[in-house]
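>
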Amino acid sequence: MPSFLTNKKMNPALAARIEASVRGESRSGGARENAGRKRLLWSLARVVLVVLVILGVRSTVAFRSKAVSDLEDARAALTNDVRTKSSLLSDDEKNLVARARPWLAKASAGYEGDLVDESLRGDGLDKLLARPAVYVRGPIGAFGEEKTLADAAAASRKDPLLVCLYAPPPSRDEKVVLERVRAVYMGGGEARTPSARHLHEAMVGMPFLTSAWADKIVDAKDLRELSKLRHDFEKAPVDSAVKAGKATLLVFAMDEPGRGDGPVEIDGERVHDVRIGIVDLTTQKVLLRFKKTVDPGWITSTARVVYASGLDGCLFAMDVRSRVTTTTASR
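Position one of the sequence shown corresponds to residue 541 (this note's numbering), numbered consecutively onward.
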């Protein structure tokens, strides 16, 4: 229908638009156009959202899969390292500490008297000491309980007593003995006792080769826990424990309490009895048992100030060797 807003002289296209506007066609067409645009935008938004969700799920799954893979790789690597070390020892060797403990407890109880096995005669003692051994020394009261034994073993070292038992100085002259003791204090004892290990090494390192510790690896829930297990394993003296586990001899020295009211030297030395023993862990047999009083009174005052304990220990070891070579065997 013609509108009074148009006339025949107007541009036909302009006139058509004006008439369509009057009829409401432009508004409804615009509304339809806007609605279509909104529907298109919502469709696009839904597509983008779905894509983002899919990508997020894939990323999460990939992250979790990598975390699980890293955890299992770390678990397998640590398990393999433990098995490699553990395979170097038999079950009996892994139980070295358990086999040694009863002998130590028994030796720290009532003294059963000196004993020298016939096999030690001649060069028998030197041949015996060439075998792999573990050594521990401590106060006699420490050997009855597991905790006190562990403390004594941790404090035990390759002292002049052990070194002079394996490699005695050429004479008992104080200057000669003092030279050997000084060498031990400077770290020279290791080279003279290559076949001996510390019992402490087995006590500390052996638990990392047991099935109980392997179970900890299996039960670890995350990389943080496994990393701590890895750190503990690498820090432990596992290699030393493997060497100690090969021991077929137990060599021990026990210091009894000081006697009387005599002076105590700076290093703690005083008049007291010392017990020494050697046990064949293979045959379960005591090969040597010896007890003697040590007294730093024989040492000159200048040497006694610093080296009393070492000098007494070295001379005691020389007495042990003398006892082996000069007396009739007893059983």
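Using N, Cα and C, we set each Cβ at its ideal position, and we do this for glycine too.
Under three-state DSSP, which class holds glycine 798?
For the purposes of this step, residue 798 is identified with residue 258 of the sequence shown, where counting begins at 1. The answer is strand: DSSP assigns glycine 798 an E or B state.
> Please classify glutamate 719: is it buried, with 16 or more other beta-carbons within 10 angstroms of its beta-carbon, or exposed?
Here residue 719 is taken as the residue at index 179 of the sequence shown, counted from 1. Flag for glutamate 719 reads exposed.
> Going by DSSP in three states, valine 826 sits in which element: helix, strand or coil?
On the sequence shown, position 286 is the one that residue 826 refers to. Of the three classes helix, strand and coil, the one that applies to valine 826 here is strand, per DSSP.
> If you pair each beta-carbon of the segment 807 to 816 with each one of the segment 682 to 699, do three or more pairs fall below 8 Å?
No contact exists between the segment 807 to 816 and the segment 682 to 699.
> By DSSP, does tyrosine 651 sit in helix, in strand, or in coil?
Here residue 651 corresponds to residue number 111 of the sequence shown, with the count starting at 1. It is coil, neither helix nor strand.
> Taking the CB atoms as reference points, tell me whether leucine 618 and phenylalanine 773 lie closer together than 8 Å.
As a working mapping, residue 618 is identified with position 78 in the sequence shown. As a working mapping, residue 773 is identified with position 233 in the sequence shown. Yes, the Cβ-Cβ distance between leucine 618 and phenylalanine 773 is below 8 Å.
> Run through DSSP, which three-state label would alanine 760 get?
As a working note, residue 760 is residue 220 in the sequence shown. Coil, per DSSP.
> Nearest-angstrom Cα distance between aspartate 663 and lysine 786?
To locate residue 663, count along the sequence shown from 1; it is residue 123. To locate residue 786, count along the sequence shown from 1; it is residue 246. The straight-line gap from Cα to Cα measures roughly 23 Å.
> Once the 5 residues before and after proline 679 are set aside, which same chain residues still bring their CB inside 6 Å of it?
Taking the first residue of the sequence shown as position 1, residue 679 is located at position 139. Asp795.
> Can you tell me whether DSSP reads alanine 673 as helix, strand or coil?
Position 133 of the sequence shown, counted from the start, is the residue given in the question as residue 673. Of the three classes helix, strand and coil, the one that applies to alanine 673 here is strand, per DSSP.
> Which full runs of the alpha helix (DSSP H) of 4+ residues lie inside the segment 719 to 766, going along the chain?
Entirely contained in the segment 719 to 766, the alpha helix (DSSP H) runs reaching 4 residues are, in chain order, 729 to 732, 739 to 745, 751 to 759.
> Would you grab the beta carbon distance between isoleucine 757 and leucine 769 for me? Rounded to a whole angstrom, and I think it's under 8 Å.
Position 217 of the sequence shown holds residue 757. Position 229 of the sequence shown holds residue 769. Rounded, the Cβ-Cβ distance is 6 Å, consistent with contact.
> Determine the extent of the beta strand (DSSP E) in which glycine 684 is found, giving its start and end residues.
The sequence position of residue 684 within the sequence shown is 144, counting from 1. Taken as a continuous stretch (DSSP letters only), glycine 684 belongs to no beta strand (DSSP E), as it is neither H nor E.
> Going along the chain, which residues of its own chain have a beta-carbon closer than 6 Å to the beta-carbon of alanine 857, five neighbours each way excluded?
The sequence position of residue 857 within the sequence shown is 317, counting from 1. The answer, listed in chain order, is Leu701, Cys704, Leu705.
> Taking the beta strand (DSSP E) that valine 846 falls in, what are its first and last residues?
Along the sequence shown, one-based indexing puts residue 846 at 306. Unbroken run through valine 846 is the alpha helix (DSSP H), 841 to 866; no beta strand (DSSP E).
> Any chance the segment 666 to 685 sits against the segment 837 to 852, with 3 or more Cβ pairs inside 8 Å?
No, because fewer than three Cβ pairs between the segment 666 to 685 and the segment 837 to 852 fall closer than 8 Å, the two stretches do not touch.
> Between which two residues does the beta strand (DSSP E) containing glycine 817 stretch?
As a position in the sequence shown, residue 817 is number 277, starting the count at 1. Segment 812 to 820, the beta strand (DSSP E) holding glycine 817.
> Measuring alpha carbon to alpha carbon, tell me which residue in Ser609, Leu669, Phe683 is nearest alanine 640.
Residue 640 sits at position 100 when you count from the first residue of the sequence shown. Comparing Cα-Cα distances from alanine 640 to each of Ser609, Leu669, Phe683, the minimum goes to Phe683.
> In this structure, what does DSSP give as the bridge partners for valine 791?
As a first step, residue 791 must be located in the sequence shown, where it is residue number 251. Paired residues: Tyr675, Ile818.
> Hey, could you find the ends of the alpha helix (DSSP H) alanine 781 is sitting in?
Counting from one through the sequence shown, the residue named residue 781 turns up at place 241. 778 to 785 is the span of the alpha helix (DSSP H), which, as asked, contains alanine 781.
> If you reduce the DSSP assignment to three classes, tell me which class lysine 698 lands in.
As a working mapping, residue 698 is identified with position 158 in the sequence shown. Correct three-state label for lysine 698: coil.
> When we look at the beta-carbon of valine 716 and count the other beta-carbons within 10 Å, is it buried (16 or more) or exposed?
Here residue 716 is taken as the residue at index 176 of the sequence shown, counted from 1. Label assigned to valine 716: exposed.
> Please list the segments of the alpha helix (DSSP H) lying wholly inside the segment 608 to 639, counting only runs of 4 or more residues, in order along the chain.
List check, alpha helix (DSSP H) in window: 631 to 634.
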